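The structure appears right after this line, and notes come after that.
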Amino acid sequence: MAALNHTTPAILILGRITGILLSLGTALLYSQEEAPEESPEEIVYERILEEYESEEIGQTDFLQVLKDLEDDPVDINAASIRDLLRIPFLDQETARQIVRFRNRNGRYQNQSDLLEVPGMTEELLLAILPLVRLRSAPASRPLVDYRVQLGRPLHAVRGYGEASGVNSYQNPFYLYHRLRWRPSPVFQAGLTWEKDSGESNWFDYGAFHIAYHWIKAKSHILVGDFNLESGQRLVFSSPYGSPAALGNTQPFAVSPLRWAPHLAADENAFLRGVMWHWAFSGRLSLNLLYSNHAIDATLSPDSLTVRSFYTAGYHRTRTEIDKRNLVRERILGGGIVADFAGGQAGVQAVQSRFSLPILSAAGSYRDGFVYLSGFYSMRKEALRLGGEAVLLDEKFPAIQQTLLINAPRSGLSYGALVYYYHPEYWALHGRGFGGISDQPANELGYFMTLYARISPRTELAGYFHASRPARAIDEFAFLKRSQQFQVRQKINRSWITGRFTSRVRRGAATTPSRKFANLEQVTRAARFQVETDFSKNLRISHRIELTWVSPPLHNAGKKHGVSFYQDIRFRVRRNLLLQARWSQFDIPAYDYRIYEYETDLPGNFRNVLLNERGLKWFLLLRYHLSNRWRFAVKYREIYYPDEETLGSGLDMVLGNRRKEIRMQMQVLF
44 MAALNHTTPA ILILGRITGI LLSLGTALLY SQEEAPEESP EEIVYERILE
94 EYESEEIGQT DFLQVLKDLE DDPVDINAAS IRDLLRIPFL DQETARQIVR
144 FRNRNGRYQN QSDLLEVPGM TEELLLAILP LVRLRSAPAS RPLVDYRVQL
194 GRPLHAVRGY GEASGVNSYQ NPFYLYHRLR WRPSPVFQAG LTWEKDSGES
244 NWFDYGAFHI AYHWIKAKSH ILVGDFNLES GQRLVFSSPY GSPAALGNTQ
294 PFAVSPLRWA PHLAADENAF LRGVMWHWAF SGRLSLNLLY SNHAIDATLS
344 PDSLTVRSFY TAGYHRTRTE IDKRNLVRER ILGGGIVADF AGGQAGVQAV
394 QSRFSLPILS AAGSYRDGFV YLSGFYSMRK EALRLGGEAV LLDEKFPAIQ
444 QTLLINAPRS GLSYGALVYY YHPEYWALHG RGFGGISDQP ANELGYFMTL
494 YARISPRTEL AGYFHASRPA RAIDEFAFLK RSQQFQVRQK INRSWITGRF
544 TSRVRRGAAT TPSRKFANLE QVTRAARFQV ETDFSKNLRI SHRIELTWVS
594 PPLHNAGKKH GVSFYQDIRF RVRRNLLLQA RWSQFDIPAY DYRIYEYETD
644 LPGNFRNVLL NERGLKWFLL LRYHLSNRWR FAVKYREIYY PDEETLGSGL
694 DMVLGNRRKE IRMQMQVLF
């Protein structure tokens, strides 16, 4: 640790760059043979997830669905369109083309057959391959999937020690259970229960679902807790939105209607009730839903109105427990979706009522919301269009339109998205573009993205995103602009990635004298990464990232932030995988922050916020005792040498190390 305390950042940067170049040189000399291609999971999933720059996310329905599909892939030679839509990367038109191609040409025999499907690209094929199978299901297909996850912090936290009484933390263990029973492809039932670290109730949160595909009645019935996505996700969406990110095609490939049981431990962002989908003709389908769900909230002092929704989900202290289930939301909705040659279109009407009036961003109070929505999605050869227009209470609009031009033979794709959310528009279960969990409200903007595969070994990509408030409601109405450019080059066994990002905020801010002043702040980041497959069982990755702010922050003391890591993934045996990572970072202020994606337990992921100066390392082990018994354990530690304590309040760490261990067991039978 003495070396860390006395080595300057410049020397550290130079040393890490030298190490990366030496590693690259070793990889180039190691062999002239072609290394195995990156696994589809690493190519698609991690690139999307690392853009979710939020520490609050550890588990998502998106990952839970992917994990379930990996354990029980869709039989692509027997699946219906609705079965294929269980795969998050497929839209309805692509699913229809897969079924149509199969009906005309017979069974899919290999991967190359799938590339002949209209609209199928190499990137999309790599994404779905782990989630489908070409052969029939095995005779001993598992009926029950049980997972249990246990974790706890190993550092001392003030909330457990110095505090006492009702405003103290209780049990330090985190516990998550999930039980899924799927006796046939048309029936599924599931149960989830969870407690967070610090909560005393071992069953603090619970969820359940029963899903049935009634084939004769052409119906899908879902009872319990579920997520619904419709149109451009302006009224109903999964809990997490679409960030502006390279490689994120989600905004351009949405289906008019998609639903799934709620599997993750998000305690508020879902529907609780019943949904019925009826395909009453070959081209028309009806969708009806009812939800009655109590939500955590912060009330006004007189407890007559809702100031904000409490989304953290923690119920550790009396203050947090008192926010639990304070507001009840009742939703009644329905819609019709029509299929036509090359696309779909639909309309929906939704009424949402709350037990207490809610304070909107525009300053008004309302307890009822009525949404009228129309949406469509269509594709003609290389052109794909999609859009949604919503009216709230017949006068406040939200509009979003997408365009995607995809020419897989030339290796080019271009996407554009424009949106407008009225200042009075708001939807609790909707998600606006460019954020993680923000509802669509008071914003207009546009987004453009370009991808070019110059050769099988060279890729170029970039995006530009600009947005501003539709109305300057408060003094902090920032205009935002971000752009990112990336080049990826494969040299023998190594993929080399260079990325440059620029983010601009312009508007009003509070100065040290507490007066408002105009501000334009530009944050830039540069990343260089080398991933080398030394063999099919060994991968070593290096990354260095720099951030700097203009104008520089005078209180930061340094002109840039820096982070770098070395990551090793080694498959010891077919059933045993080890991963280790060592990171160093020196971030002078929050505005220079860097997020680092971490592989985590199956069905989970972490994006860690790096701030201050320190070291971080983790060790992850995944072991399959058999196809039916699977184990994983992860230990992580972050060390801040310049600090004596970390954080504040009850979350204060009494020391300068954050230590955590988590483990998971999965049983299939």
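Going letter by letter, the sequence shown gives residues 44 to 712 in the working numbering.
Note that CB positions come from ideal geometry on N, CA and C, so glycine has one too.
In this text the structure is predicted, and so the values were computed from the model without any measurement.
Residue i burial status per 10 Å Cβ neighbour count (16 or more: buried)
i: Asp309; result: buried
i: Lys423; result: exposed
i: Ala675; result: buried
i: Asn449; result: buried
i: Gly541; result: exposed
i: Phe269; result: buried
i: Leu693; result: buried
i: Phe383; result: exposed
i: Glu655; result: buried
i: Tyr212; result: buried
i: Pro483; result: buried
i: Pro344; result: exposed
i: Val615; result: exposed
i: Asp481; result: exposed
Residues of its chain near residue i, where Cβ-Cβ distance is below 6 Å and the 5 sequence neighbours each way are ignored
i: Pro584; result: The sequence given here has Ser at residue 584, not Pro. The residues are Glu574 and Asp610.
i: Ser351; result: Thr341
i: Val413; result: Gln394 and Asp436
i: Arg570; result: Arg542 and Glu588
i: Asp126; result: Val117
i: Ser243; result: Gln213 and Asn214
i: His220; result: Val191 and Trp236
i: Glu703; result: Pro196 and Arg679
i: Ile442; result: Ala432 and Tyr463
Distance CB(residue i)-CB(residue j) smaller than 9 Å
i: Leu331; j: Met318; result: yes
i: Gly13; j: Ala287; result: Because residue 13 is not part of the residues shown, which for the chain are 44 to 712, the question remains open.
i: Gln627; j: Leu663; result: no
i: Arg276; j: Gly473; result: yes
i: Leu234; j: Arg223; result: yes
i: Val187; j: Leu668; result: no
i: Tyr463; j: Met491; result: no
i: Val565; j: Val592; result: yes
i: Ala568; j: Ser545; result: yes
i: Ala254; j: Phe230; result: yes
i: Arg396; j: Glu372; result: yes
i: Leu174; j: Leu109; result: yes
i: Ser420; j: Glu467; result: no
i: Leu399; j: Thr348; result: yes
i: Arg582; j: Leu562; result: no
i: Leu167; j: Thr137; result: yes
i: Leu314; j: Ser334; result: yes
i: Leu493; j: Leu455; result: yes
i: Pro631; j: Leu596; result: yes
i: Leu697; j: Arg201; result: yes
Rounded Cβ spacing between residue i and residue j (contact assumed at less than 8 Å)
i: Val651; j: Tyr633; result: About 14 Å separates the two Cβ atoms, so there is no contact after all.
i: Gly194; j: Arg705; result: 3 Å
i: Tyr635; j: Thr590; result: 5 Å
i: Val142; j: Ile171; result: Not really, about 14 Å apart at Cβ, beyond 8 Å.
i: His252; j: Leu271; result: Their Cβ separation, rounded to whole angstroms, is 13 Å, which puts His252 and Leu271 out of contact at 8 Å.
i: Phe607; j: Arg586; result: 6 Å
i: Lys261; j: Asp247; result: Contact flag wrong, Cβ pair sits at about 39 Å.
i: Gly284; j: Gly475; result: 6 Å
i: Leu415; j: Ala392; result: 6 Å
i: Ser273; j: Gly411; result: Not confirmed; about 20 Å, so no contact.
Close-in-space but distant-in-sequence residues of the same chain around residue i (CB under 8 Å, 5 per side omitted)
i: Arg176; result: Pro116, Val117, Asp118 and Ile119
i: Tyr357; result: Asp239, Gly241, Glu242 and Glu363
Residue range of the unbroken beta strand (DSSP E) whose run includes residue i
i: Arg139; result: No beta strand (DSSP E) holds Arg139; the alpha helix (DSSP H) holding it covers Gln135 to Asn148.
i: Ser398; result: Gly386 to Leu402
i: Leu169; result: Looking at the DSSP string, Leu169 is not in any beta strand (DSSP E); the run it does join, the alpha helix (DSSP H), is Glu165 to Ile171.
i: Thr492; result: Glu486 to Ser498
i: Ile704; result: Arg700 to Leu711
i: Arg201; result: No beta strand (DSSP E) contains Arg201, which DSSP labels as neither H nor E.
i: Glu237; result: Phe230 to Lys238
i: Ala450; result: Phe439 to Ala450
i: Ile264; result: Ser262 to Ser273
Extent of the continuous alpha helix (DSSP H) run through residue i
i: Arg125; result: Ile124 to Leu127
i: Asp156; result: Gln154 to Leu158
i: Arg361; result: Arg361 to Ile364
Residues near residue i by beta carbon distance below 7 Å, same chain, minus five either side
i: Val461; result: Gln444 and Tyr489
C-beta neighbour in chain B for residue i, strict 9 Å
i: Ser155; result: Of the protein chains in the structure, only one exists, and it is not chain B.
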